[in-house]
Amino acid sequence: DAKTTQPNSMESNEEEPVHLPCNHSTISGTDYIHWYRQLPSQGPEYVIHGLTSNVNNRMASLAIAEDRKSSTLILHRATLRDAAVYYCIQPNTGNQFYFGTGTSLTVIP
Amino acid sequence: ETGVTQSPTHLIKTRGQQVTLRCSSQSGHNTVSWYQQALGQGPQFIFQYYREEENGRGNFPPRFSGLQFPNYSSELNVNALELDDSALYLCASSLGLAFTDTQYFGPGTRLTVL
């Protein structure tokens, strides 16, 4: 079963920042948090991952709470192409992914 | 670096039949994972293969089986198809088993069971 919980859906206006929350209350010291997104009619694609400190890449930023029981994926300027389902994943041993239902992001022009 | 490919794209079968789905991983990736995604749901972990050995299985019955080959290809076999097996089947390859290894997903095979 998935170890994370996310809101089912969120909306954002185009070119505004988006903060997608995730709760992972059972996380332990060596567990990473991964974010993937799935655009319509495609397989999931990697967005970002992190362990303790905040992480940035060209797609997004990941802010991890000090107690590591929650994290937030930040899209700095949402575009229409960012409309997708975003999954927050806490992998099992062997980097096995148990997906939840994710957050469906709608970007409003 | 080529991406992960899957074949066929779409497939229609009838109840009770058997099906084989294929996946071609990225070269050098020792791990392949298979997922089932029903409409409106997140992908569900079926099983994982690492260097041609099954390395973990989700909550799926034994009629779901797999193979991984040395040439970075793999198969998902489903016997005695049921209507509920209708779904998008995704494979994902990664370098190894580390928590930092990115999984690269294929576009999926859409299976319809009538």
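Going line by line, the protein sequences match chains E and D.
With the first sequence counted from 1, adding 9 to any position gets you our numbering.
With the second sequence counted from 1, adding 7 to any position gets you our numbering.
The beta-carbon is built from N, C-alpha and C at its ideal position, and this holds for glycine as well.
Here the structure is a predicted model, which means the values were calculated and not measured.
N- and C-terminal bounds of the beta strand (DSSP E) containing residue i
{"i": "Tyr79 of chain D", "result": "Tyr79 of chain D -> no beta strand (DSSP E), and no H or E assigned at all."}
{"i": "Gly59 of chain E", "result": "54–59"}
{"i": "Gly113 of chain D", "result": "Run containing Gly113 of chain D: none; DSSP gives neither H nor E here."}
{"i": "Ser14 of chain D", "result": "12–14"}
{"i": "Phe54 of chain D", "result": "51–57"}
{"i": "Gln47 of chain E", "result": "42–47"}
{"i": "His17 of chain D", "result": "17–20"}
{"i": "Asn17 of chain E", "result": "Element bounds for Asn17 of chain E: n/a, residue is neither H nor E."}
{"i": "Leu114 of chain E", "result": "112–117"}
Three-way DSSP call (helix, strand, coil) for residue i in this model
{"i": "Arg90 of chain E", "result": "helix"}
{"i": "Leu95 of chain D", "result": "strand"}
{"i": "Leu90 of chain D", "result": "helix"}
{"i": "Tyr42 of chain D", "result": "strand"}
{"i": "Ser34 of chain E", "result": "coil"}
{"i": "Thr102 of chain E", "result": "coil"}
{"i": "Met68 of chain E", "result": "coil"}
{"i": "Gly65 of chain D", "result": "coil"}
{"i": "Ser100 of chain D", "result": "strand"}
{"i": "His28 of chain E", "result": "strand"}
{"i": "Phe71 of chain D", "result": "strand"}
{"i": "Glu75 of chain E", "result": "coil"}
{"i": "Ser50 of chain E", "result": "coil"}
{"i": "Ser162 of chain D", "result": "The requested residue 162 of chain D is not part of the displayed model; chain D covers only 8 to 121."}
{"i": "Leu83 of chain D", "result": "strand"}
{"i": "Thr39 of chain E", "result": "coil"}
Best match in the options for proximity to residue i [C-alpha to C-alpha]
{"i": "Phe129 of chain D", "options": "E:Gln51, E:Tyr107, E:His58", "result": "Missing from the structure shown is residue 129 of chain D; chain D here goes from 8 to 121 and no further."}
{"i": "Arg86 of chain E", "options": "E:Thr14, E:Glu24, E:Ser18", "result": "E:Glu24"}
{"i": "Gln48 of chain D", "options": "E:Ala69, E:Arg67, E:Val94", "result": "E:Val94"}
{"i": "Phe9 of chain E", "options": "D:Glu59, D:Gly65, D:Glu60, D:Arg58", "result": "This structure gives no information on residue 9 of chain E, because the portion of chain E shown stretches from 10 to 118."}
{"i": "Thr16 of chain D", "options": "D:Val120, D:Leu121, D:Thr116", "result": "D:Thr116"}
{"i": "Phe67 of chain D", "options": "D:Val85, D:Pro77, D:Asn78, D:Thr107", "result": "D:Val85"}
{"i": "Leu84 of chain E", "options": "E:Lys78, E:Ile98, E:Thr14, E:Pro30", "result": "E:Pro30"}
{"i": "Thr35 of chain E", "options": "E:Ile117, E:Ile57, E:Pro100", "result": "E:Pro100"}
{"i": "Ser80 of chain E", "options": "E:Ser62, E:Ser18, E:Ala92", "result": "E:Ser62"}
{"i": "Val120 of chain D", "options": "D:Ser40, D:Gly10, D:Ile19, D:Leu74", "result": "D:Ile19"}
{"i": "Ser14 of chain D", "options": "D:Thr107, D:Thr109, D:Ser81, D:Leu88", "result": "D:Ser81"}
Under 9 Å by beta carbon: chain D residues contacting residue i
{"i": "His58 of chain E", "result": "Phe106, Thr107, Thr109"}
Under 8 Å from the C-beta of residue i: neighbouring residues of chain E
{"i": "Gly73 of chain D", "result": "Here the premise fails: no neighbours, minimum Cβ distance about 14 Å."}
{"i": "Asn37 of chain D", "result": "Near Asn37 of chain D there are no residues of chain E at all, since even the closest Cβ is about 11 Å away, more than 8 Å."}
{"i": "Leu118 of chain D", "result": "Under the 8 Å cutoff, chain E gives no residues; its nearest Cβ is about 15 Å from Leu118 of chain D."}
{"i": "Ser40 of chain D", "result": "Gln105, Phe106"}
Near the ligand COA: residue i beta-carbon under 7 Å from a heavy atom
{"i": "Val64 of chain E", "result": "The ligand COA is absent from the structure shown, which contains no ligands of any kind."}
Residues that residue i contacts on chain E, provided the C-beta gap is smaller than 9 Å
{"i": "Phe52 of chain D", "result": "Asn101, Gln105, Phe106, Tyr107, Phe108"}
{"i": "Pro114 of chain D", "result": "Ser50, Gln51, Gly52"}
Amino acids of chain E, ordered along the chain, whose beta-carbon sits closer than 7 Å to that of residue i
{"i": "Leu18 of chain D", "result": "Residues of chain E passing the Cβ test: none, with the nearest at roughly 16 Å."}
Q: Using a Cβ-Cβ cut-off of less than 9 Å, list which residues of the region 82–93 of chain D approach chain E; keep chain order.
A: none
(Q) Under 9 Å, CB to CB, which of the residues in the region 35–56 of chain E have a partner in chain D? (A) Thr39, Asp40, Tyr41, His43, Tyr45, Gln47, Ser50, Gln51, Gly52, Pro53, Glu54, Tyr55
Q) What residues in the region 81–103 of chain E bring their beta carbon closer than 7 Å to a beta carbon of chain D? A) Tyr96, Pro100, Gly103
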